[in-house]
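**Student:** Sharing a structure, written as structure tokens. Questions coming.
Residue numbers (the numbering used here): 2 to 177.
The structure is reproduced here in structure tokens:
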């Protein structure tokens, strides 16, 4: 009985330590709900443009070479990639729902279409790997701020990499 009590006590102590150790996270991770990036206001709205890095999964809204807003994003998976190239914001809709299947009715708040009406930047779950059907998913606070910064006609460049990946982008947290 004494041996059983000591064994149970040791197991409980080990379980307690494992609970504490499993709660730790790296300083580079975060939540797409709590992430709230700083934003700078542009001096010339017509000079604002969006740059998206598909390999780093980062978005930069810039004016000239000054980054106004930077954020982790989620881009299209290999089977449904985010279309690379130079585009423009075609439309903006604050409250939109997905019309196609699968996922009809999925909320795509702060919708900003580019490339075609079916592709856009919008609020959605940001994962640390390509996971979308081609859209660019943004954390909630990023989506809200980006929606306010860009207007219809704003230029959007989507490429494998962007000049800010190694500097500004390297300091951004990994969201999941």
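Heads up, the beta-carbon is just placed ideally off N, CA and C, and yes, glycines get one too.
List the DSSP bridge partners of residue 165.
**Tutor:** DSSP lists no partner for residue 165.
**Student:** For residue 146, report the span of its alpha helix (DSSP H) as first-last.
**Tutor:** Here the alpha helix (DSSP H) through residue 146 covers 141 to 150.
**Student:** Under three-state DSSP, which class holds residue 97?
**Tutor:** Coil.
**Student:** Determine the DSSP secondary structure at residue 106, reduced to helix, strand or coil.
**Tutor:** Note: residue 106 maps to coil in three-state DSSP.
**Student:** Should residue 153 and residue 90 be called a contact, given that it needs their Cβ atoms to be closer than 7 Å?
**Tutor:** Yes. Within cutoff.
**Student:** Thinking residue 59 and residue 173 are a contact (beta carbons under 8 Å), I'd like their distance in whole angstroms, please.
**Tutor:** That belief holds up - the Cβ atoms of residue 59 and residue 173 are roughly 6 Å apart, short of 8 Å.
**Student:** If you count every other CB in all the chains shown that lies within 10 Å of the CB of residue 44, and 16 or more means buried, which is it?
**Tutor:** By the neighbour-count rule (16 or more Cβ atoms within 10 Å), residue 44 is not buried but exposed.
**Student:** Which of the three DSSP states is assigned to residue 48 in this structure?
**Tutor:** DSSP places residue 48 in helix when its eight states are reduced to three.
**Student:** Closer than 8 Å by C-beta to residue 148: which residues in its own chain qualify, once you throw out the five before and the five after it? Chain order, please.
**Tutor:** 93, 95, 111 and 113.
**Student:** Return the bridge partner residues of residue 71 from the DSSP annotation.
**Tutor:** Partner(s): 61.
**Student:** Report yes if the C-beta distance between residue 78 and residue 132 is below 7 Å; otherwise report no.
**Tutor:** Result yes, Cβ atoms of residue 78 and residue 132 sit closer than 7 Å.
**Student:** Does DSSP classify residue 121 as helix, strand or coil?
**Tutor:** Residue 121: strand per DSSP, three-state reduction.
**Student:** Consult DSSP for residue 154 and reduce its assignment to one of helix, strand or coil.
**Tutor:** Residue state, collapsed to three classes: coil.
**Student:** Given a cut-off of 7 Å on the beta-carbon distance, is the pair residue 179 and residue 137 in contact?
**Tutor:** What is shown of the chain runs 2 to 177, which leaves residue 179 out entirely.
**Student:** Sorted by chain position, which residues of the same chain lie with C-beta nearer than 7 Å to residue 116's C-beta, five sequence neighbours on each side aside?
**Tutor:** 84 and 88.
**Student:** Using three-state DSSP, classify residue 160 as helix, strand or coil.
**Tutor:** If DSSP states are grouped into helix, strand and coil, residue 160 belongs with the strands.
**Student:** Apart from the five residues just before and just after residue 166, which ones in its own chain have a Cβ nearer than 7 Å to its Cβ?
**Tutor:** Cβ within range, chain order: 54, 57 and 59.
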